[in-house]
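Structure record follows, encoded as structure tokens.
Rendered as structure tokens:
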């Protein structure tokens, strides 16, 4: 099913009543991030460069922004996606963050840029986008725990950066997403210095005219 995007432009939140409504919608959109928070995928078997290994062995001590794809992908996933490329670039300064693609298919000639699932499909991957044209995003913690189930997309401006950054500390995606939503006021500004300092460090610029989007499946 093609994803429907709920675009939340914080710059338009001029009235407090409007802010409350939009923030409620945003919190509703991120509530499923924590559905599999007690599940680890460290032991799932994958094929990498024609070799069988476990997911955990490939990414020890790293947070993984994992995109899972159904079916065969003939081109490198996100090869023309500027949002994805920009996200990867922004996190290149953090050595404990990795990006990976995982294919769920019966094919043997899947793009070498990704991993292929070996064996039975885990429950955590059974409730995902069935279109081969759109991947489903997951955030996997350093211990293999699913911190973000069907998490923020590369197109989810600001939200995906904050959630992925906080995942480095082991913070579940739902918790960090709701914290960010609460942390922006009706004047498109961060309420707390902590968020302002994070933004300035991460994006290398001052937080002005904030906006973000939340994707819903």
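Numbering (this note's numbering), first residue to last: 22 to 238.
By construction, the Cβ of each residue, glycine as well, lies at the ideal position given by its N, Cα and C atoms.
Here the structure is a predicted model, which is why all the values come from computation and not from measurement.
Beta-ladder partner(s) of residue 158, from DSSP: Beta-bridge analysis with DSSP links residue 158 to 88.
In whole angstroms, what is the alpha-carbon distance linking residue 138 and residue 91? Cα to Cα, residue 138 sits roughly 10 Å from residue 91.
Practice item. Using only alpha-carbon positions, find the residue among 165, 125, 216, 229 that is nearest to residue 209. Key: Closest in alpha carbon position to residue 209, among 165, 125, 216, 229, is 229.
Quiz item: CB residue 161 to CB residue 84, shorter than 8 Å?
Solution: Yes, the Cβ-Cβ distance between residue 161 and residue 84 is below 8 Å.
- Item | Residue range of the beta strand (DSSP E) that includes residue 192 | Segment: none, residue 192 is in no beta strand (DSSP E) and carries neither H nor E.
- Query: In chain order, what residues of the same chain have a beta carbon less than 8 Å from the beta carbon of residue 221, not counting five sequence neighbours either side?
  - Reply: Sequence-distant partners of residue 221 (beyond 5 residues in either direction) whose C-beta falls short of 8 Å from its own C-beta, in its chain, are 227, 228.
With three or more beta-carbon pairs closer than 8 Å as the criterion, would you say the region 166-186 touches the region 55-75? Short answer: they touch.
Worksheet item: So what does residue 205 bridge to, in DSSP terms?
Response: Bridge partners of residue 205: 211.
Exercise. Go ahead and label residue 158 buried or exposed: buried means 16 or more other beta carbons lie within 10 angstroms of its beta carbon, across all protein chains shown.
Key: Buried, because 16 or more other Cβ atoms sit within 10 Å of the Cβ of residue 158.
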